[in-house]
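Trainee:
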Amino acid sequence: MATRLVQINMKARDDAALGGFWAKALDWGISSEGPGVTNLEPEGFVYPDPVAVCIDLVVSAEPKTVKNRVHVDLATTSAEHQAEVVARLKGLGATLADVGQGDVPWTVMADPEGNEFCVLDSLYEETGPIASVVVDCADPRLMARFWGEATDWTVHKVTDHSAVLRSAQGVGPYLQFLRTPDVKTVWNRVHLDVRPYPGDDLEGEAARLRSLGATDADLGGGTVPWTVLADPEGNEFCLLTPA
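Residue numbering for the sequence shown follows the numbering used here, beginning at -18 and increasing consecutively.
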């Protein structure tokens, strides 16, 4: 049994408007599975597929109060391309952001609702527009152990400062756990969604994840068909039904 990262769940005051921004930013298609939910994925994409980690925007009235612990890094091919992408994103409503990054080669920005993201200055190998999904953490080695066993993604690098995973098929974005001194104080407005494979048992997979160090979490969603868990550092994630 195993799971794989299939999407990012992002809370939004206005899911349709924010979804419109990200659809244009990524050049992805946009749809909705119901009121208050906007779904983004590449045009012609057959879900789920490791070539892309999709984005679901879900309406929430709760305000954003702290820096998100999960963000995306956007890929570019050169410093010139980076400048072009930054200018285009500003035209769509993004702004420059300061999260204490200092003098770095990437550009830190925020979407129209203040969600931080980075525009890199170099090409990641065939990742698509999202180069990596980045999660702040205290212990990258702990995160690599948990997520490397929780999913069938391959651990590419582990140090005291970061851990990097990618789909075993060698396609799509990377998943990076980056050491930060920031302490988690509120539930994550942006979180990961993982899904078991067809034929796997949802409860059995939930039990396996708990045995690896996951704990049950409550995001106030009431009765839902998925299981809400938290990784060993308290980062919430959803275990979706097998597909």
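In this text, a Cβ means the ideal position worked out from N, Cα and C, and glycines have one as well. Predicted, not measured: the structure shown is a model, and the values here were computed from it.
Is it true that the segment 185 to 199 meets the segment 138 to 145, where meeting means three or more beta-carbon pairs spaced less than 8 Å apart?
Mentor: Too few Cβ pairs lie closer than 8 Å, so no.
Trainee: Taking the straight line between their C-alpha atoms, what separation do you get for I111 and W168?
Mentor: Straight-line Cα distance between these residues: approximately 23 Å.
Trainee: I'd like the list of long-range same chain contacts for G109, defined as Cβ closer than 6 Å, with 5 residues on each side in sequence excluded.
Mentor: Taken in chain order, the residues that qualify are A33.
Trainee: Taking Cβ to Cβ, would you say C219 is nearer than 8 Å to D181?
Mentor: No, they are not a contact pair.
Trainee: Tell me whether the beta-carbon of N20 lies closer than 8 Å to the beta-carbon of E97.
Mentor: No. Outside cutoff.
Trainee: Among the candidates P162, M(-18), Q157 and C99, whose CA atom is the shortest distance from the CA of T76?
Mentor: The shortest Cα separation from T76 among P162, M(-18), Q157 and C99 belongs to C99.
Trainee: CB R176 to CB P206, shorter than 8 Å?
Mentor: Cβ atoms of R176 and P206: not closer than 8 Å.
Trainee: Mapping the DSSP letters down to three states, classify E130 as helix, strand or coil.
Mentor: Helix at E130.
Trainee: By the three-class DSSP mapping on this structure, what secondary structure does A56 have?
Mentor: Coil, per DSSP.
Trainee: Which first and last residues belong to the beta strand (DSSP E) in which D174 is found?
Mentor: From DSSP, the beta strand (DSSP E) with D174 extends over V171 to P177.
Trainee: Could you work out which residue in A91, V89, V152 and T166 is closest to C259 when comparing CA atoms only?
Mentor: Nothing can be reported for residue 259, as the shown portion of the chain is limited to -18 through 224.
Trainee: Going by DSSP, which residues form a beta bridge with E22?
Mentor: Paired residues: G10.
Trainee: Sort A(-2), W3, V115 and G185 by Cα distance to G17 and report the nearest one.
Mentor: Closest option to G17, Cα to Cα, is A(-2).
Trainee: Between the C-alpha atoms of D(-4) and W134, what's the straight-line distance to the nearest angstrom?
Mentor: The alpha-carbon atoms of D(-4) and W134 are separated by roughly 29 Å.
Trainee: Tell me Q(-12)'s beta-bridge partners as DSSP assigns them.
Mentor: Answer by DSSP bridge pairing, in chain order: C35 and D174.
Trainee: On the DSSP bridge assignment, give the partners of D197 in chain order.
Mentor: DSSP output for D197 lists L210 as bridge partner(s).
Trainee: Pick helix, strand or coil for K71, following the three-state DSSP scheme.
Mentor: Helix at K71.
Trainee: Which partner residues of A100 appear in the DSSP bridge assignment?
Mentor: Before going on, a small fix: residue 100 reads as Val here, not Ala. In the DSSP output, where bridge partners are listed per residue, V100 has L55 and T88.
Trainee: In this structure, how does DSSP classify R160 when only helix, strand and coil are distinguished?
Mentor: R160: strand per DSSP, three-state reduction.
Trainee: Could you pull the start and end residues of the beta strand (DSSP E) that R(-6) belongs to?
Mentor: Run containing R(-6): none; DSSP gives neither H nor E here.
Trainee: Between the Cα of T240 and the Cα atoms of A131, T196, F127 and F158, which residue gives the shortest distance?
Mentor: The structure shown does not extend to residue 240, since the chain spans only -18 to 224, so no value can be given for it.
Trainee: Exposed or buried, which one is V47 when buried takes at least 16 other CB atoms within 10 Å?
Mentor: With fewer than 16 Cβ atoms within 10 Å of its Cβ, V47 is classed as exposed.
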